[in-house]
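As structure tokens, the structure follows; a few thoughts come after it.
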Amino acid sequence: MSDVPIRVLVAKPGLDGHDRGAKVIARALRDAGMDVIYTGIGQTPHMIVEAALQEDVEVVGLSILSGAHMTLLPKVATQLREAGLGHCVIVAGGIIPAEDSALLTSQYGIDAIYGPGTNTDEIVAFIRTTVAARRATL
Amino acid sequence: MNDATVQQLANEVRRGDRRALARALTLIDRGGAPVRSLRRALAGYGVGSLVGITGAPGAGKSSLTTVITQELRQRGMQVGIIAVDPSSPLSGGSLLGDRIRMYDLAGDSGVFIRSMANRGQYGGLAATTLDAAMLMRAAGFGMVLLETVGAGQSDVAVVDVADTVLLVEAPGMGDEVQSIKAGLLEVADVIVVSKSDRPDAPATLQQLRALVRMQMDSDAVWSVPVLPVSALRQTGVAALVDALLAHAQWLQTHPVTWRQQRRQLLALQRALESQLRDAVQQLPGWTTALAQLGQSDSDVLARQLLEEFVVNGFTKE
Ligand SMILES: Nc1nc2c(ncn2[C@@H]2O[C@H](COP(=O)(O)OP(=O)(O)OP(=O)(O)O)[C@@H](O)[C@H]2O)c(=O)[nH]1
Ligand SMILES: [Mg+2]
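Which chain is which? The protein sequence lines are E and S, in order. If you count the first sequence from 1, position 25 lands on 25 in this note's numbering, and the numbers rise without skipping. If you count the second sequence from 1, position 2 lands on 1002 in this note's numbering, and the numbers rise without skipping.
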């Protein structure tokens, strides 16, 4: 079970155009041995949830720079749960103020939030431990 | 996952439950005993055609898959898509990016898209994709489109399991085509010159048509069409879909026996491989072999395990 590659969806919700950060993360996760499904920009929460469902991922990675994180991230988390995908680990990256971060992780079902310039090893390690723990409970 | 659980999952797949289909596809991807249970549970359910879409990296396969799907949807068909990309040989991970170009298909419940890594396998990938197509059909997606990069042996194997092989060639390939694509040109049932909005498309079209005429057996009963399509401008799509459906129809009365035999052989090989591997991993010697990894030659270890299997037979089950 532990040698099964972790399936991750990397998506960019919202309308801001550039996805350099998301691509860097996607490549880092691939290089860490994960299967990364990259959906590109302009994803609505509904599209993200539908893709997560079809791809049966264990992790949803969201890159968000538009400032709309307080509306978009909770929406994705809620809709994932409603679709029966509450087991997905949700990781977000982007420019998100500390107080928003605290709220998102404590109350809105986001598992971790990383700012720009975070060492990707840290993200890889977090995903590995969290997924291993969730697999053990399934 | 035990047999009863898999049986229940299979029932949910047949009822069209998308989450169940997604989970079953994961079982297929991971391989092993559940795959055999799924095959048993779903054998004979669902009908339809498997179209393999292949071509060089960047040839326009995903864009083409999108417009073909839109056309099929307009004709009332449900479409399953399997998009295969290579695994990284270094990390074993993969970056599966075909969904980017399939943006316009999002939100349509008559479409189901699944990305798969090829895990560097040869024949195995072909069997995996066949199983995935079987699941999609059982769930009601009559037409299954399989996108795979046309480079390397594994992909030619994938091409062999499709009912219809669609080869995608971008304009401006010059003289390369004979040498590089010779193998694929032979198995293609339909050929598309993609990006036909580009000014160099007509020349490529002409070149390819000449090549195909030259290759064609004089007694060939299916004549391979070479069609210009622009996914960007959405031109030529209806004619392409007509050709794909015509080929599926044609297969009903003209089974391509060598291809079917090859597919059955592949299925047998795959079954043999996975059953043998599972059986050997039940042997007491398996743990010993694992402990010797890196110190002993893997061919020698495999040989020892096989000998132990011949003597001991099945340990469990
Ligand atoms: N001009 C033009 N460009 C196109 C057309 N179709 C695709 N492209 C471009 O060709 C590039 C590759 O398109 P894809 O559909 O991703 O090609 P692919 O074969 O799936 O690529 P891989 O999966 O990476 O091998 C993109 O930049 C597309 O915008 C078309 O009809 N016309
Ligand atoms: Mg593609």
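Glycine is no exception: its CB is placed at the ideal position from the N, C-alpha and C atoms.
| Asked | Found |
| --- | --- |
| Beta carbon proximity, threonine 1320 of chain S to chain E, threshold 7 angstroms | The displayed coordinates of chain S run from 1001 to 1317. Any statement about residue 1320 of chain S would go beyond what the structure contains. |
| For proline 1086 of chain S, three-class secondary structure by DSSP | coil |
| Cβ contact (3+ pairs, closer than 8 angstroms) linking the stretch 1015-1032 of chain S and the stretch 51-61 of chain E | yes |
| 7 angstroms Cβ cutoff met for methionine 1136 of chain S and valine 1144 of chain S | yes |
| Beta-carbon neighbours of arginine 1019 of chain S, restricted to chain E and to distances below 7 angstroms | Leu53, Gly84 |
| Closer than 6 angstroms: aspartate 1098 of chain S CB and nearest ligand 2 heavy atom | yes |
| Selection from E:Ile25, E:Tyr108, E:Arg30 that minimises the alpha carbon distance to proline 5 of chain E | E:Arg30 |
| N-terminal and C-terminal residue of the beta strand (DSSP E) that proline 1225 of chain S is part of | Where proline 1225 of chain S is concerned, there is no enclosing beta strand (DSSP E), given that its DSSP letter is neither H nor E. |
| Other residues of its chain near tryptophan 1250 of chain S: CB distance less than 7 angstroms, five sequence neighbours each side excluded | Trp1222 |
| Whether valine 60 of chain E touches isoleucine 90 of chain E by CB criterion (7 angstroms) | yes |
| CA nearest to the CA of arginine 1099 of chain S, picked from S:Lys1061, S:Gly1236, S:Ser1091 | S:Lys1061 |
| Test item: CB-CB of valine 49 of chain E and alanine 77 of chain E under 7 angstroms | no |
| Selected residue, minimal CA-CA separation from valine 1237 of chain S, among S:Asn1002, S:Leu1025, S:Thr1069 | S:Thr1069 |
| Within-7 angstroms CB hit, phenylalanine 1112 of chain S to chain E | yes |
| In DSSP terms, what glutamate 1169 of chain S is bridged to | S:Val1193 |
| Within-7 angstroms CB hit, tyrosine 114 of chain E to chain S | no |
| Phenylalanine 1314 of chain S: first and last residue of the uninterrupted beta strand (DSSP E) it sits in | Phenylalanine 1314 of chain S -> no beta strand (DSSP E), and no H or E assigned at all. |
| Proximal residues of chain S, C-beta to C-beta of histidine 139 of chain E below 9 angstroms | Residue coverage of chain E in this structure runs from 1 to 138, which leaves residue 139 of chain E outside it and unanswerable. |
| DSSP state of serine 1179 of chain S mapped onto helix, strand, coil | Per-residue confidence for serine 1179 of chain S stands at a pLDDT of 42, beneath the threshold of 50, marking its modelled position as unreliable; the derived number appears in the next sentence. Residue state, collapsed to three classes: helix. |
| Secondary structure of methionine 1077 of chain S, DSSP reduced to three states | coil |
| Touching by the beta-carbon criterion (3+ pairs, under 8 angstroms), the stretch 1224-1237 of chain S and the stretch 1189-1205 of chain S | yes |
| Beta-carbon spacing of glutamate 58 of chain E, arginine 7 of chain E below 7 angstroms | yes |
| Outcome for phenylalanine 1141 of chain S when other beta-carbon atoms lying within 10 angstroms are tallied against a minimum of 16 | buried |
| Contact with chain S by valine 91 of chain E, beta-carbon distance below 7 angstroms | no |
| Through-space distance from isoleucine 64 of chain E to histidine 18 of chain E, alpha-carbon basis | 10 angstroms |
| Residue range of the unbroken beta strand (DSSP E) whose run includes valine 1241 of chain S | First-last for valine 1241 of chain S: 1237-1253, but that is the alpha helix (DSSP H), not the beta strand (DSSP E). |
| Boundaries of the alpha helix (DSSP H) in which methionine 47 of chain E is found, first to last residue | 45-55 |
| Proximity of alanine 1138 of chain S and arginine 1014 of chain S at Cβ, strictly below 7 angstroms | yes |
| Delimiting residues of the beta strand (DSSP E) encompassing serine 1037 of chain S | Not the beta strand (DSSP E): serine 1037 of chain S falls in the alpha helix (DSSP H), residues 1033-1042. |
| Chain S contacts from the stretch 18-38 of chain E (Cβ-Cβ distance under 8 angstroms) | Ala26, Arg27, Leu29, Arg30, Asp31, Ala32, Gly33, Met34, Asp35, Val36, Ile37, Tyr38 |
| Interface residues of the stretch 94-105 of chain E facing chain S [CB-CB below 7 angstroms] | none |
| Euclidean distance between Cα positions of asparagine 1002 of chain S and arginine 1036 of chain S | 11 angstroms |
| Contact set between alanine 1010 of chain S and chain E, taken where Cβ atoms lie within less than 8 angstroms | Ordered by position in chain E, no residue passes the 8 angstroms Cβ test against alanine 1010 of chain S, which lies about 16 angstroms from the chain. |
| Distance cut-off 6 angstroms: lysine 1061 of chain S Cβ against heavy atoms of ligand 1 | yes |
| Serine 1230 of chain S Cβ short of 6 angstroms to ligand 1 heavy atom set | yes |
| Chain E contact residues for threonine 1026 of chain S, given Cβ-Cβ distances below 7 angstroms | Asp56 |
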